[in-house]
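Line by line, the protein sequences are chains A, B, C, D, E and F.
Per the working numbering, the very first residue in the first sequence carries number 1117; after that it's consecutive.
Per the working numbering, the very first residue in the second sequence carries number 1117; after that it's consecutive.
Per the working numbering, the very first residue in the third sequence carries number 1117; after that it's consecutive.
Per the working numbering, the very first residue in the fourth sequence carries number 1117; after that it's consecutive.
Per the working numbering, the very first residue in the fifth sequence carries number 1117; after that it's consecutive.
Per the working numbering, the very first residue in the sixth sequence carries number 1117; after that it's consecutive.
Have a look at the structure below, then the notes.
Number of protein chains: 6
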Amino acid sequence: MEYNKWIADLENGDEIEGFYILKTAQIKTSNSGKPFLAAAAADRSGVIDAKIWDYGGPLGPQDEGTVVKLRGAVSEYRGTLQLIISRIRPAQEDDRYSLGDLVPTAPIDAEAGWQELLALAESIRDPDYRAVCRSVLDRNSDRFRMLPGGKSMHHSFVNGLLMHTLYMARAADYLAGLYADIIDRDLLLAGTILHDVAKCREFVTSPLGLVTEYSIPGELLGHLVMGAQAVAEEAKDLGVPEEKSLLLQHMLLSHHRDPEFGAAVRPMCAEAELLSLIDLLDSRMEIYKEALEETEPGRFSKRVFALDKKIFRHR
Amino acid sequence: MEYNKWIADLENGDEIEGFYILKTAQIKTSNSGKPFLAAAAADRSGVIDAKIWDYGGPLGPQDEGTVVKLRGAVSEYRGTLQLIISRIRPAQEDDRYSLGDLVPTAPIDAEAGWQELLALAESIRDPDYRAVCRSVLDRNSDRFRMLPGGKSMHHSFVNGLLMHTLYMARAADYLAGLYADIIDRDLLLAGTILHDVAKCREFVTSPLGLVTEYSIPGELLGHLVMGAQAVAEEAKDLGVPEEKSLLLQHMLLSHHRDPEFGAAVRPMCAEAELLSLIDLLDSRMEIYKEALEETEPGRFSKRVFALDKKIFRHR
Amino acid sequence: MEYNKWIADLENGDEIEGFYILKTAQIKTSNSGKPFLAAAAADRSGVIDAKIWDYGGPLGPQDEGTVVKLRGAVSEYRGTLQLIISRIRPAQEDDRYSLGDLVPTAPIDAEAGWQELLALAESIRDPDYRAVCRSVLDRNSDRFRMLPGGKSMHHSFVNGLLMHTLYMARAADYLAGLYADIIDRDLLLAGTILHDVAKCREFVTSPLGLVTEYSIPGELLGHLVMGAQAVAEEAKDLGVPEEKSLLLQHMLLSHHRDPEFGAAVRPMCAEAELLSLIDLLDSRMEIYKEALEETEPGRFSKRVFALDKKIFRHR
Amino acid sequence: MEYNKWIADLENGDEIEGFYILKTAQIKTSNSGKPFLAAAAADRSGVIDAKIWDYGGPLGPQDEGTVVKLRGAVSEYRGTLQLIISRIRPAQEDDRYSLGDLVPTAPIDAEAGWQELLALAESIRDPDYRAVCRSVLDRNSDRFRMLPGGKSMHHSFVNGLLMHTLYMARAADYLAGLYADIIDRDLLLAGTILHDVAKCREFVTSPLGLVTEYSIPGELLGHLVMGAQAVAEEAKDLGVPEEKSLLLQHMLLSHHRDPEFGAAVRPMCAEAELLSLIDLLDSRMEIYKEALEETEPGRFSKRVFALDKKIFRHR
Amino acid sequence: MEYNKWIADLENGDEIEGFYILKTAQIKTSNSGKPFLAAAAADRSGVIDAKIWDYGGPLGPQDEGTVVKLRGAVSEYRGTLQLIISRIRPAQEDDRYSLGDLVPTAPIDAEAGWQELLALAESIRDPDYRAVCRSVLDRNSDRFRMLPGGKSMHHSFVNGLLMHTLYMARAADYLAGLYADIIDRDLLLAGTILHDVAKCREFVTSPLGLVTEYSIPGELLGHLVMGAQAVAEEAKDLGVPEEKSLLLQHMLLSHHRDPEFGAAVRPMCAEAELLSLIDLLDSRMEIYKEALEETEPGRFSKRVFALDKKIFRHR
Amino acid sequence: MEYNKWIADLENGDEIEGFYILKTAQIKTSNSGKPFLAAAAADRSGVIDAKIWDYGGPLGPQDEGTVVKLRGAVSEYRGTLQLIISRIRPAQEDDRYSLGDLVPTAPIDAEAGWQELLALAESIRDPDYRAVCRSVLDRNSDRFRMLPGGKSMHHSFVNGLLMHTLYMARAADYLAGLYADIIDRDLLLAGTILHDVAKCREFVTSPLGLVTEYSIPGELLGHLVMGAQAVAEEAKDLGVPEEKSLLLQHMLLSHHRDPEFGAAVRPMCAEAELLSLIDLLDSRMEIYKEALEETEPGRFSKRVFALDKKIFRHR
């Protein structure tokens, strides 16, 4: 009996026990008329088909996406592995398991990344931009650190929003130096750090922290407008001068670059233009990364939906 | 000597005195080396070239767009009328003249129109939507009643915003009845009445009330986002339920219909869709009206910029 | 035994008899090698899976879309209801059943609607436009009153074309008053009433009155061009002055607004512009209505094909 | 004194007399206060600036585009030639001059071209298509032979429509052979010969035969729809079977290929597709020809409006 | 027993033996737990489902797309024919069968077509263009003659590239005469003959000669750029003057007409424009041909992917 | 008398002598009938209108864009300064003046920038990429260092290409580290350094080093294709493996990102994607810089052609 063995490492004949995500769960009827559970078990390494014979509940479709403790044996059926489960129960509050082992998580040290992002926020010299950054991050810190960057396009894993924002802030820091004659580093950094913060309100997340859908305000207003409103309120409360508040709101409203990609207004100052380019750049690099991971060296990928083209993984 | 004669009615030989707009004013040098003022005088009926010989000031380019009192004689030069001015001075506070005679003004009874619009707002049964409407109109009433609907595309005359909003509210009232099974009249009317209210902040106006340019917040945020922010604040102060506030904000954010025409989000409820169509409809009808006025019956207009086509005035 | 019970009201255990549409019908072979009929029975309230065991005909795929009389019992299989048919035969000429109960039909009183539309046509003061309207309606009256408005996008039910035209004519009547200074009510109403009349020639309909496909002239010419030709001929026969005929033809040719949406020419007079907007408006409202009916309050719909977006049903 | 000398051949010092087109004509006032005529004289070889000193009429702007008889002397002013006119009068009915010398005319033998086109029409084997071709050509023959192909884009010279149609018919004849397995030569030829025939009704022409503007039916219906109507009527009168009439109408309605280029419907049969391509091909070749004539070998042209690019004339 | 009977001609009860393509091949498990081969056999006339009971190998998925010799009996299963195979083995080197019977092949006499194309190349009078043509054809002759014109859009059969090039060269020859005043026949013919020659490097082909995918250089550079490079090198080696080399490269780089269809530059000389139109024309005609073959007379096709529309096959 | 005073510093009454660019030069005739030269003199600081009275040559339009030595006096005419020239002659070979003072030049230390770029090239670890970089730079070094980055859009000053390439290489160096898990720094740097090198062949430059037009190969092939050809040849000569050569060619061919912006192929590997983004980013920042320099703080610019929008210069 092996405990919490990675699903990607399972082999025919393994007997296992541990905590996994019940990814799908359907009660079906066998040819002999008996109910059984056709399910799938997952951890962050992969997914395996699973069955419980003679099982009519209590677990079922309503438990999809939750953590269960299970015991079972791995066998092979028509060329693929399956897990025949002998015991299963929902995870309980006092169970000890690592959520990070179960759901896909950003490949960064989240705590260190968060501290680095805070330090970048503190490095803003303009007291007004710094204060808005601090306050908005404060209000959203827990959710902001955990949230994925999106539902499926890129960074759709726990801590993805933090990772995306951090990489962008690093690039902003460097490029503010390269184009120092026209870029106000403080404005650029503040805009970069806050640009997606309203995703905290835009996304609905599952108990495991993944994005399942968009909230009603997320659909009706969008995270650009909600972010600008949050900045406007915070700036008003902090007594930030009007023009600074406007510029920061403009950064958020325009960071999707083009109205056809969701920008409420087009970027009109150098920092807004640069922010929109850094956002494009970081999201593109992550999309490539995720697509290249599934492509053999020397081969082309399948068509990548988010790029509308296939890409090449050179050696 | 005739007083305040319409410029459109001037004839060769007229001697006139009255208040006009100094539309343009340039100090030039004649062939004989003497300064003279090459100007244009305007009222709402039209424009006439004007000259003051041997004149070096004090009036000049800095006074363009202001009201002056002048006396002069109409003569003909190379086939067109011109006004040779003998006296001119800026209008003063205690001068009595009608601004409505000088600047283009909406062809409606502004006071009656305003009362009709208020009555439509009061006819909203939902107390929350009605309260937001009242408050936002209250805060902006003076400016809202006077403002043009735009800079040049359509309704670009004093009271134009009021006229545009009123016609749309009438259409909204009718169509809410025609499609009563899916349209919430209260939401539609509230959205219609408030949809352009943030133009009060978006436009910079001349002393005569015409739009000269866009304000900085107008450019950086746009009247859609500013309107939604105003609604959000008002709704919060009034204790309006979240979903109603969201819907009303959504109406304003989406009323330009398509991101390529400036919508921050696309319309997602029936009332937002209908509002965007009523806005399109009323602006189209006004563009046609203004273009048809300059076209002979049985002829095609020149290409109308706002329509990107020429149009036909049938008999 | 219940007669003609609504399919939407069927429950496990019901025994029924009545007339239904045989929506689909396939002869299959059971595991035991015997033929059976896998079918679906429908009325305007819904659809139910149906089976006839040990049945090899005579009914089969060639009878899909016709009316049958059947008797059967409702049972439950893997969580869904199914109808086990014990007797079935084609409906015959002397059978008495209501077609309106079987096929989806516009939610209007068709006769009253038709009279209202005729009255609107009679209210046209210009004798030429009125005469063309009368004649064209006369020639197409039977088919025009029954026809759906389309194949699947919106108004795709019996009497749908009448309903669509009627609602548009009402809106045209109102808006002709609101924009009376530029709109010729007679031209607008005539164009509105006739705009889709050539769908009578464009659509191929099933015996039950639904659109199954487009006719050859429908595909090769389109209803815009065919409608304009019909108007041209009628106007010629009636001695209508050339310019009126041209304007009316132009209304029909341009009512899809933009060449990319099928307009043969772009609208060039105010009435054509307004007609195209009323058409857009009525079709949008109906699409929303049909999509909202399938959406829970407080939820978003699935992506609506005809709108290329999902929509929100607020409470 | 030289008579009817080509304008392109004029030199400083020439004294000339003859018939020319008064291309432009404006009455201006000289520095000394006297009126003079600033004009331009043209023949098919070119244009020259012209002046009549101390001239206040009767000729003026209202005579632009007409033929005049004039006498004058060529001189040089600031590096360009100008014609100082000493006598001028309108051409009269009994004046003898060659219109072909004055207006640009297609570089083909118009009579031979017309006969060749008729022969191609007669080579159609299908009696129905041949009969429609004959009748429609018959009704329009005078105007069809003289008309330019357009207002300014290409073939905008006398006989241009004939030349364009002839070249296309030759290409159609060849390509019908190359793709004989899918192309019905009769349908293709008939469609090609008739595709632009309604330009006879679409264009308004000057007395000299050039296109000055579009007619009201030309704007409101377009030559595609008018051509299809003409074919439909002719086919009906001749008893042509419905499907043939539809196909021929479809050829005309779709020959602009794409709705965004004015097609009322998209080509749906092989002959319509091919016709639209032959039309594109012949117009492109003529646009190149006209642009290359104004370009030096080894140089690029200016941006060619009709191509939205510049082109290269190789050696 | 019939030998190499066309698959399209098979009937229930036939016993056959011969060479076919093993189009698909999967090892499955029957209800009784025994392995069997579910396969498809094909020749150029069609495809048939095939089974080998109690068969676990050696043939399997790895042999898809190869030629096999098989023996079997045709029976009917649920309304469709299937082939029950009793013997099967891979084709061997000394087997005698006609590849042309097995794979789809262009409906031309390939040898005669090749000679005609060579003759057209030899008819180029300019020694430089002729020499480049000769050399490039020489280097690619074997592969060029056999290659399909593409993977699936059109001409995707053996000898397809030759057929496509030959038809285009014929059209080029004719049109160079029709537009002789602006078209350099030598440049046009050379460009036409070579325009797709780099498909020899762009395509990866199966042993049977069909295109299975694009090569790495094919994806990263494209056949336009590779073709231009090949011409540049050849021209350099042959001492062709720079401008001629540039023009020929330009022909190849621009023959897709518009950047959105893959052109590296837009056509800028008349020959390049014409080449791009001939390419469009020939590919369109072939797409129509292939779609019409699958459509009944008097009916519309399904939506043709390469045309994004359905088409009509008239009688 | 002041020597080589900056034109931007000239004041009414100055007497100057020095070397300037004769930016425009036209011989005109005064009212009194005498010839005079209406010219403009320029240095890198600005431009001033200039006149030489009673001057008929030898300098004239043919000398526009060359360096002249002149002496003159500054006066004011109708509110603007003008330079009345008393002596003027072409600059001669032995004149001593600084070209850098006369033509706009990149605001970088060109020699230091060049050394930094060479060092970045030398930092490439892969010997193949490094060798190609070295060789191509070597062949183009003189022209590459001096050339502007373009004709007018951005970096259109001497050393502009170097500056653009250098800034991009710095950004590439940084971003290769940030995305080290998917970016091959060697390929990215090589592609970045060489991406625009074929502008050396694409641009035609004036004697002063500014771009006056595009060369024939520049127009017919474009710098993307020419750059790829240069890399292909160099790689072949140096024995670089095929895949590396392909990748580097692909970088150059795709660096305009989208076919509609001139890319011959779309970027298909992460380095090509990143290069295209860095190019976009650096050109955008320079366009902003140049536009902001002409805009007052707190104001919006005029519409910037290269951005198709106006931009805001915040305080």
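Yeah, the Cβ is synthetic: ideal placement off N, Cα and C, and Gly gets one too.
Remember, predicted model here, so these are calculated numbers, not experimental data.
Taking 8 angstroms as the threshold (C-beta atoms), are residue j and residue i in contact?
| i | j | result |
| --- | --- | --- |
| TYR1233/C | LEU1278/C | For clarity, residue 1233/C is Leu in the given sequence; the question names Tyr instead. Closer than 8 angstroms, so yes. |
| VAL1313/A | PHE1260/A | yes |
| ALA1207/B | VAL1190/B | no |
Whose C-beta lies closer than 6 angstroms to the C-beta of residue i among residues of the same chain, with five residues either side of it excluded?
| i | result |
| --- | --- |
| ALA1287/F | ILE1394 |
| GLU1410/E | none |
| SER1399/F | HIS1270 |
| LEU1294/B | none |
| ALA1222/B | PHE1273, ASN1275, GLY1276 and MET1279 |
| ASP1068/D | The displayed coordinates of chain D run from 1117 to 1431. Any statement about residue 1068/D would go beyond what the structure contains. |
Three-state secondary structure (DSSP) at residue i?
| i | result |
| --- | --- |
| ARG1373/C | coil |
| PHE1260/D | helix |
| ILE1224/A | coil |
| TYR1245/D | helix |
| ASP1179/B | helix |
| ASP1170/A | coil |
| GLU1127/B | coil |
| GLY1162/C | strand |
| LEU1234/B | helix |
| SER1251/D | helix |
Which residues in the same chain as residue i place their Cβ atom closer than 8 angstroms to its Cβ, once the five residues preceding and following it in sequence are excluded?
| i | result |
| --- | --- |
| SER1331/C | ARG1317, GLU1318, PHE1319 and VAL1320 |
| VAL1163/D | ILE1123, LYS1139, ALA1156 and ALA1157 |
| SER1392/A | SER1370, HIS1371, HIS1372, ARG1373, ALA1379 and PRO1383 |
| GLU1127/A | VAL1190 and LEU1197 |
Span of the alpha helix (DSSP H) holding residue i?
| i | result |
| --- | --- |
| LEU1337/F | From DSSP, LEU1337/F is part of no alpha helix (DSSP H); its letter is neither H nor E. |
| LEU1215/B | 1215 to 1218 |
Starting from residue i, trace the beta strand (DSSP E) in both directions and tell me its first and last residue.
| i | result |
| --- | --- |
| GLY1266/B | Looking at the DSSP string, GLY1266/B is not in any beta strand (DSSP E), and its letter there is neither H nor E. |
| ILE1427/A | Here ILE1427/A belongs to no beta strand (DSSP E), and DSSP marks it neither H nor E. |
| ARG1419/A | First-last for ARG1419/A: undefined, no H or E at that position. |
| GLN1208/E | Where GLN1208/E is concerned, there is no enclosing beta strand (DSSP E), given that its DSSP letter is neither H nor E. |
#### Entry: Complete runs of the alpha helix (DSSP H) confined to the region 1273 to 1333 of chain B [at least 4 residues]
1276 to 1294, 1301 to 1310 and 1315 to 1318
### Segments of 3+ residues assigned as beta strand (DSSP E) that fall wholly inside the region 1342 to 1399 of chain E
none
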